[in-house]
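Okay, structure first, notes after.
Numbering (this note's numbering), first residue to last: 20 to 344.
Structure (structure tokens):
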């Protein structure tokens, strides 16, 4: 269906209407079709979905009207009158198809009783924002209904009459509804996409920044983990060294205890030996004292005996010398 719509193109032009300023008026898209004796206004709901275009159809916005399609009425009144007479005589299904379109899309047709058309209706072309662009005045676009009917509506109706044989009536009736649905779906999808992109742009940037920060933090954590693992290995080595030193300390304590015991034994032996030697020395001293006393006694006896002998000898001498005298 899309390839067929790309291959053949048929342009349909809608009349230009002033853009509604209020939010309620923006929800509906007015389409005005002017005729020679009356004005038909079709109100189409803005939320009406649409289906893709069928073969040989393309929708062109009113802003894309060329200067050739918007020719002035001046200088061409006579040919237009002739064409109007031919169009009035030529049988078309415009009114019938228009009523079917309105019935399918659920719109309403308003036919003012006193609506009359001037010979040269004028429509103002303004930008979508409702203001002037670069200070220029609003330009007037002169479009007459016969010219619009001859250039756009009549060829479209003739083409649709020819295509009736190719497509079933149900498809033909649903074509316009699907067309409008597709247009509204496309507009809504574009608007939603833009809103989504604008709404997710900042979170995406924030998410990218957070991802970069998380990556940097992960790298720092990995480095910290590697450092902690190195510290853990060093702590394990130190723990093993401490355990070895603790075993050595236990052995040294045991040796110290043994040395203390041996020192105590040696000290006891030395004290015992000293006491024994002291006892023997005292015993010897006592013996020497006894011997000294005995010698003193003997010396005293010897002195007394010598003195007695000397006295005895003196006495004997005295006796001798006394007897001679």
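Just so it is clear, CB atoms sit at the ideal spot from N, CA and C, and this is done for glycine as well.
Cα-Cα separation between residue i and residue j, rounded to whole angstroms
i, j, result
"residue 244", "residue 262", "26 Å"
"residue 239", "residue 246", "10 Å"
"residue 91", "residue 176", "Caution applies to residue 91, whose pLDDT of 43 falls short of 50 and renders its modelled position unreliable; the model cannot decide the point."
"residue 359", "residue 221", "No statement about residue 359 is possible, as the shown extent of the chain runs from 20 to 344 and does not include it."
"residue 173", "residue 200", "24 Å"
"residue 255", "residue 270", "23 Å"
"residue 273", "residue 285", "18 Å"
"residue 215", "residue 205", "15 Å"
"residue 292", "residue 300", "12 Å"
"residue 339", "residue 320", "28 Å"
"residue 325", "residue 312", "19 Å"
"residue 252", "residue 232", "30 Å"
"residue 61", "residue 207", "In this prediction, residue 61 has a pLDDT of 41, which is less than 50 and means its spatial position is unreliable; nothing more can be read from the coordinates."
"residue 259", "residue 288", "43 Å"
"residue 229", "residue 182", "59 Å"
"residue 248", "residue 242", "10 Å"
"residue 309", "residue 330", "31 Å"
"residue 235", "residue 225", "15 Å"
"residue 209", "residue 250", "59 Å"
"residue 317", "residue 279", "56 Å"
"residue 306", "residue 323", "25 Å"
"residue 333", "residue 298", "51 Å"
"residue 257", "residue 267", "15 Å"
"residue 265", "residue 304", "57 Å"
"residue 237", "residue 213", "35 Å"
Exposure of residue i, with buried meaning 16 or more beta-carbon neighbours within 10 Å
i, result
"residue 196", "buried"
"residue 217", "exposed"
"residue 281", "exposed"
"residue 171", "buried"
"residue 198", "buried"
"residue 179", "buried"
"residue 314", "exposed"
"residue 153", "In this predicted model, residue 153 has a pLDDT of only 42, less than 50, meaning its place in the structure is not dependable enough to derive any value."
Cβ shell of residue i (< 7 Å), same chain only, five flanking positions each side left out
i, result
"residue 223", "none"
"residue 283", "none"
"residue 296", "none"
The ligand SAM heavy atom lying under 7 Å from the CB of residue i
i, result
"residue 334", "Absence of the ligand SAM is noted for the structure shown, with no ligands found whatsoever."
Beta-carbon proximity list for residue i, same chain, < 6 Å, skipping 5 on both sides
i, result
"residue 302", "none"
"residue 84", "Here the model assigns residue 84 a pLDDT of 40, short of 50, so the residue's position is not dependable, and the following value carries that caveat. None."
Residues near residue i in its chain [Cβ-Cβ closer than 8 Å; skip 5 each side]
i, result
"residue 275", "none"
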